[in-house]
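Scroll down for the structure; my scribbles are underneath it.
Residue numbers (our numbering): 188 to 292.
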């Protein structure tokens, strides 16, 4: 059964401090310990010299054991808590978020 990769790009509001962004990223990474089937988390600030990030400042990738694990994560109460913590710091609300998932074998 293929794993699911869940990639998310975030456009943090320029007024958000580096410390608050770090708190947001730590909260996202902590979901790995709280949500069954979430196998891996990797994320951080944009770091390419290409400059084609279109204002998105940070990103992360999660690996889920399978589609069912990813689907459970989407409505999991801990995910909802983190969304409520992070979204106020995103420039434009949900328009400052891109999520993209794919199967990975």
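Where is the CB? At the ideal position from N, CA and C, for every residue including glycine. Computed from a predicted structure; not experimentally measured.
Alpha-carbon to alpha-carbon, residue j and residue i
| i | j | result |
| --- | --- | --- |
| residue 258 | residue 239 | 30 Å |
| residue 241 | residue 250 | 25 Å |
| residue 220 | residue 206 | 22 Å |
Beta-carbon contacts of residue i that lie in its chain and below 6 Å, excluding the five residues immediately before and after
| i | result |
| --- | --- |
| residue 195 | 247 and 286 |
| residue 229 | 248 |
Beta-ladder partner(s) of residue i, from DSSP
| i | result |
| --- | --- |
| residue 190 | 291 |
Beta-carbon spacing of residue i, residue j below 7 Å
| i | j | result |
| --- | --- | --- |
| residue 208 | residue 265 | no |
| residue 281 | residue 245 | no |
| residue 276 | residue 193 | no |
For residue j and residue i, believed in contact at Cβ under 8 Å, the rounded distance
| i | j | result |
| --- | --- | --- |
| residue 278 | residue 200 | 4 Å |
| residue 267 | residue 189 | No, residue 267 and residue 189 are not in contact; Cβ-Cβ is about 26 Å, not under 8 Å. |
Contact test: residue i Cβ vs the ligand ADP heavy atom, cutoff 6 Å
| i | result |
| --- | --- |
| residue 223 | Ligands in the displayed structure: none, and consequently the ligand ADP is not present. |
Contacting residues, own chain, Cβ-Cβ under 7 Å from residue i (five flanking each side not counted)
| i | result |
| --- | --- |
| residue 269 | 214, 215 and 218 |
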